[in-house]
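The numbering used here puts the first residue of the sequence shown at 1311, with every later residue one more than the last. No residue lacks a Cβ here, since even glycine has one placed at the ideal position from N, Cα and C. Only a predicted model underlies this, so the values are computations on that prediction, with no experimental measurement involved.
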Amino acid sequence: MASQDMQTGSNHASDSSFVKGGAESARRRIFKSLPASEGGTPFRKGRIPDAPGVYFFMNRQRKVLYVGKATSLRSRVRSYFASNIAEKRSTWIAKMLTEAKSIDFRKTDSVLEAILLEADLIKKLQPKYNTDLKDDKSFNCIGITDEDFPRVLLIRSHDIASKTLLTLNFKLLTYFGPFPHGTKLSEALKIIRKIFPFRDNRCTPCILPHSSVSGRRRSAGCKPCFNRQIGLCPGTCTGEISKVEYKKVIRNLTLFLSGKKAQLLTHIEKEMKSLAKAEHFERAGELKRQLFALRHIQDVALIQTNNQRPTTGNQERIEAYDLSHFGGKNIVGAMTVVENGLPKTGDYRMFKLCAINGPHEVKGIEEILKRRFKHAEWPFPSLVVVDGNDVQKKTAERVLKTLKLSIPVVAVVKDNKHKPERFLGIMNSTQIKKQDILLANSEAHRFVLRFQRKQRKLSHIDTV
């Protein structure tokens, strides 16, 4: 955990001085004590990162006064030093600043993990100025039921404290939270469920005689629930997963919700290698995909809309394109859109490509762009982003020139670990930021892989 001290020789303001301007003097004291960089920014470059995480305000005895989460730690912590903090936040937060002497933070890999960590730390530390979460019983929690095939549910803090759960005929194994209003907890749970498929209230377990040992086969007498059909239930309703295997899913989910991601990754990697050694390649492949998902959490939906950049009359629309194939077959493409710094998922498009003669990197891009720009009713982009190198970039430019469209093209070049390394192309618009290009590119990669996997499954069914 990193820290940023706010040392001062004066005591914090009393309640009376707080009302008469103590909060403002405290703000100036803390602001002045922070090391300034060029231009007067109250943080030296690299001290508080521009990354998601959780921050802590502490008093002189380093007791935590307040815990908060942030999409960008640097921006959020800086916001506490605005001159009108009482108006922007509350007099309660302004009063907290009169007691605060230092700031700590813990960086996370994603906004989702910051949300989970914030709730866990507030529950454990009970900070003085997080009273809304301590006192309000109407906040949501994530609950795991105590039964053979546990359900994962959103429940109210009030229901946990009362006997309401008993009237619903289940008891909790454990719960996580409470989570504050505006957390988008249902969105967070959707993201988690794609990584760890679980049972909910709409899924009735199919109890089989061999339920302690899974053959990973569907029972003819059990009907799959809706979530099983879209891959969000592991098969508790069809007998495809045993109690033992499902307990492992719940254990891994619990580790993730507890903020123990590093331990979880180590555990999954160890199990994956063990399965591969025993030649259980299908299950090992599932764990490999789970590892990738955990390391590349897509949590754009959790970024609060009040953090987005202000819109202008001319919104910048970025369209990113990517291709995927399996051994040269099932070639598919995807188009994703980012407008004003946020994904516009309603404009995402998928393309099933025809049989391609020649390099699919070139022919695929050609086909996708030609088909896309036949749709004059779709808004045209300010920038086209392709995944690859100079070959993909020049191919896209050639197609656009043929169509008499003057739209700039940028290629995102990846390293051998498929991480963005550099850009090729001139970004003419000053409003377009590199992070928006990377977001569009990342979304295209995620979207096309999901579509390709779906096509592969359909192809496998057809050939059986």
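For residue i, name the three-state secondary structure that DSSP assigns.
i: D1469; result: helix
i: R1678; result: Reading the sequence as shown, one finds Ile at residue 1678 and not Arg. Correct three-state label for I1678: helix.
i: H1606; result: coil
i: R1416; result: strand
i: N1751; result: helix
i: I1454; result: strand
i: S1634; result: strand
i: F1761; result: helix
i: L1663; result: coil
i: R1756; result: helix
i: T1514; result: coil
i: N1394; result: coil
i: D1360; result: coil
i: Y1556; result: helix
i: E1550; result: coil
i: I1403; result: helix
i: K1724; result: strand
Just to confirm my understanding: we take residue i, look at its own chain, exclude 5 residues before and 5 after, and list those with CB closer than 7 Å. What are they?
i: L1567; result: L1426, I1452 and F1486
i: T1705; result: V1672, I1675 and E1676
i: G1541; result: P1507
i: Y1556; result: F1459, P1544 and T1546
i: L1483; result: I1454, T1455, D1456 and P1460
Please report the distance separating the alpha-carbon of residue i from that of residue j.
i: S1630; j: K1481; result: It should be noted that the sequence gives Ala, not Ser, for residue 1630. So the alpha carbons of these two residues sit roughly 47 Å apart.
i: E1423; j: K1662; result: 35 Å
i: F1591; j: H1635; result: 20 Å
i: V1696; j: V1722; result: 6 Å
i: L1652; j: A1429; result: 25 Å
i: R1512; j: R1461; result: 10 Å
i: Q1573; j: S1385; result: 30 Å
i: F1761; j: G1698; result: 19 Å
i: K1764; j: H1728; result: 22 Å
i: T1655; j: L1734; result: 25 Å
i: K1680; j: M1660; result: 14 Å
i: L1565; j: S1412; result: 30 Å
i: D1360; j: K1417; result: 9 Å
i: A1586; j: Q1600; result: 15 Å
i: T1776; j: I1560; result: Given a span of 1311 to 1774 for the chain in the structure shown, any question on residue 1776 remains unanswerable.
i: L1759; j: E1687; result: 27 Å
i: C1535; j: K1580; result: 32 Å
i: I1358; j: E1497; result: 27 Å
i: I1607; j: E1707; result: 32 Å
i: G1595; j: K1533; result: 26 Å
i: L1464; j: E1589; result: 38 Å
i: K1558; j: H1577; result: 11 Å
i: S1382; j: N1450; result: 24 Å
i: P1362; j: G1378; result: 11 Å
i: E1731; j: D1725; result: 6 Å
i: S1400; j: A1392; result: 12 Å
i: I1515; j: D1746; result: The identity of residue 1515 in the sequence shown is Pro, whereas the question assumes Ile. Taking the straight line joining both Cα atoms gives about 43 Å.
i: S1584; j: Q1539; result: 29 Å
i: C1664; j: H1468; result: 56 Å
Report the option in the options whose CA atom is closest to the CA atom of residue i.
i: K1549; options: R1509, F1761, T1418 and F1757; result: Residue identity check: residue 1549 is Gly in the sequence provided, not Lys. Answer by Cα proximity: R1509.
i: K1571; options: T1484, I1505 and G1656; result: I1505
i: V1364; options: R1370, S1393, R1357 and V1387; result: V1387
i: G1674; options: V1648, E1687, D1419 and D1632; result: D1632
i: E1649; options: I1628, G1656 and M1660; result: I1628
i: R1466; options: T1455, F1489 and D1456; result: F1489
i: Y1658; options: L1464, A1750 and T1381; result: A1750
i: N1537; options: R1503, E1626 and K1557; result: R1503
i: A1410; options: T1381, Q1436 and F1367; result: F1367
i: D1458; options: I1517, A1498 and D1419; result: I1517
i: L1713; options: K1405, D1700 and R1682; result: R1682
i: L1495; options: V1421, A1594 and L1585; result: V1421
i: N1369; options: A1392, M1406 and G1378; result: M1406
i: V1374; options: Q1436, S1552 and L1383; result: Q1436
i: L1604; options: I1551, D1419, Q1371 and R1372; result: D1419
i: L1563; options: Q1539, P1515, T1514 and K1500; result: K1500
i: K1434; options: E1626, I1747 and G1569; result: G1569
i: L1710; options: D1469, D1414, A1380 and K1684; result: K1684
i: A1380; options: S1393, T1401 and F1415; result: F1415
Enumerate in chain order the residues of its own chain whose CB-to-CB distance from residue i is below 8 Å, with the five nearest sequence positions on each side excluded.
i: I1403; result: Y1376, Y1390, I1395, A1396 and Y1439
i: K1598; result: M1582
i: Q1702; result: E1671, V1672, I1675, V1696 and A1721
i: D1700; result: A1721 and L1734
Return no unless some Cβ of chain D is closer than 8 Å to the Cβ of residue i.
i: K1662; result: The structure shown has no chain D; it contains just one protein chain.
By Cβ distance below 6 Å, which residues in the same chain neighbour residue i in space, the five residues on each side in sequence not counted?
i: K1744; result: none
i: K1602; result: Correcting the residue type first, residue 1602 is Phe in the shown sequence and not Lys. Nothing meets the Cβ criterion.
key: Cβ pair count under 8 Å reaching 3, the region 1691-1701 against the region 1718-1726   = yes
ask   = Do the region 1643-1651 and the region 1746-1756 meet, that is, are 3 or more Cβ pairs less than 8 Å apart?
value = yes
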